[in-house]
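Counting from 856, one number per residue, gives the positions in the sequence shown under our numbering. For glycine and all other residues, C-beta sits at the position ideal for the given N, C-alpha and C. Have a look at the structure below before the remarks.
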Amino acid sequence: MLNSPTDTQPADLPKILVLGATGPTGRQIVSQAIARGYDVTALVRSPDKAAGLIGARIVVGDARDGNAIRKAVRGRDAVISALGTPASPFREVTLLSTATRALVDAMQAEGVSRLVAITGIGAGDSAGHGGFLFDNLIFPLLLRKVYADKNRQELIIENSGLDWTIVRPSILNNKLGVKTVRALASLDNFNGGSISRGDVAAFVLDQVTSDQWLRQTPLITW
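Structure below.
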């Protein structure tokens, strides 16, 4: 449920918080949200990283800091999490689950219920559907620990009681969006696939005001 509109914002345009706004997909989300007329807040680790997030309200803080998250969540209608982390072949990864736990706590405290989070193909029951190269080389050699944390992240969201949607993009690229996105609930006979960051951003923003994929984990691809 969206908050009551202000005098300067139409009722159908939500106020959103974007986490991971300085990453390549997060930047697409912010720019497209601004183009749609949304009221956008972005939580960033430092002002320097906010360069280019034109039109967004910037809150500086660490996504794992509960106080910073709560400040950024306050007054929002929905949150989009585009948090990511680099490949980590040897070191354990905890950023995604730690930040998501802080986010869920903040959303519950502030009464914000709508959460759309991006994880990726290979998370949850999409494991083994990334295609031969991804499943047999990239995933086990580079991303195993990252995806272990993505799985923890997804479980936190699924058990949160929030109105969540978890979006799992196939392999990301920086091509121009083709605007024809397939959203799959069943991955029978599906392996591989790719999708542009721009199309991911558009799909994710659509979910903010839609219940089509409420409490589901669609995989999106071209």
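{"Check": "Grouping DSSP H, G and I as helix and E and B as strand, with all else coil, what is ASN1006?", "Outcome": "helix"}
{"Check": "May I have the straight-line CA-CA distance separating GLY1048 from SER1025, to the nearest angstrom?", "Outcome": "6 Å"}
{"Check": "Tell me whether the beta-carbon of ILE884 lies closer than 8 Å to the beta-carbon of LEU1060.", "Outcome": "yes"}
{"Check": "Might you give, ordered along the chain, the residues of its own chain that have their beta carbon closer than 6 Å to the beta carbon of LEU950, omitting 5 neighbours on each side?", "Outcome": "THR940"}
{"Check": "For GLU947, count the other beta carbons within 10 Å of its own beta carbon; 16 or more makes it buried, fewer makes it exposed. Which is it?", "Outcome": "exposed"}
{"Check": "Identify which residue in ARG1070, TRP1068, GLN1067 and LEU1074 has its Cα closest to the Cα of LEU1042.", "Outcome": "LEU1074"}
{"Check": "What number of angstroms, rounded off, separates the C-alpha of ALA906 from the C-alpha of THR1072?", "Outcome": "32 Å"}
{"Check": "What separation, rounded to the nearest whole angstrom, lies between the Cα atoms of THR896 and PHE945?", "Outcome": "34 Å"}
{"Check": "If you compare alpha carbons, which of VAL967, LYS904 and GLY921 is closest to LEU872?", "Outcome": "VAL967"}
{"Check": "For LEU996, name the three-state secondary structure that DSSP assigns.", "Outcome": "helix"}
{"Check": "If you check the beta carbons only, do ILE983 and TYR1002 fall under 8 Å apart?", "Outcome": "As written in the sequence, residue 983 is Gly, which differs from the Ile given in the question. Not a contact, by the Cβ cut-off of 8 Å."}
{"Check": "At the level of alpha carbons, what is the spacing between GLY1032 and SER1051?", "Outcome": "6 Å"}
{"Check": "Relative to the C-alpha of SER952, which candidate in LYS1000, ALA1056 and PHE1045 has its C-alpha closest?", "Outcome": "LYS1000"}
{"Check": "For the putative contact between SER936 and ILE889, defined by C-beta atoms under 8 Å, what is the C-beta separation to the nearest angstrom?", "Outcome": "Not confirmed; about 18 Å, so no contact."}
{"Check": "Tell me, please, which residues DSSP counts as bridged to TRP1019.", "Outcome": "LEU970"}
{"Check": "Look at VAL971 and VAL1022 and say whether their C-beta atoms are less than 8 Å apart.", "Outcome": "yes"}
{"Check": "Assign ALA954 to buried or exposed, taking buried as 16 or more other Cβ atoms, counted over all protein chains shown, within 10 Å of its Cβ.", "Outcome": "buried"}
{"Check": "So, is LEU988 buried or exposed, given that buried needs 16 or more other C-beta atoms within 10 angstroms?", "Outcome": "exposed"}
{"Check": "Between GLY875 and LEU938, which are expected to be in contact by the criterion C-beta below 8 Å, what is the C-beta distance as a whole number of angstroms?", "Outcome": "4 Å"}
{"Check": "Between the Cα of PRO869 and the Cα atoms of GLN1062, GLN1067 and THR1076, which residue gives the shortest distance?", "Outcome": "GLN1062"}
{"Check": "Given GLY985, which residues of its chain have a CB within under 6 Å of its CB, disregarding the five upstream and five downstream residues?", "Outcome": "ILE976 and GLY977"}
{"Check": "If I follow the unbroken alpha helix (DSSP H) through LEU1060, where does it start and stop?", "Outcome": "1052-1063"}
{"Check": "Count the other CB atoms, across all protein chains shown, that sit within 10 Å of the CB of PRO860; report buried if there are 16 or more and exposed otherwise.", "Outcome": "Because PRO860 carries a pLDDT of 39, less than 50, the predicted location of this residue cannot be relied on, and no value is offered for it."}
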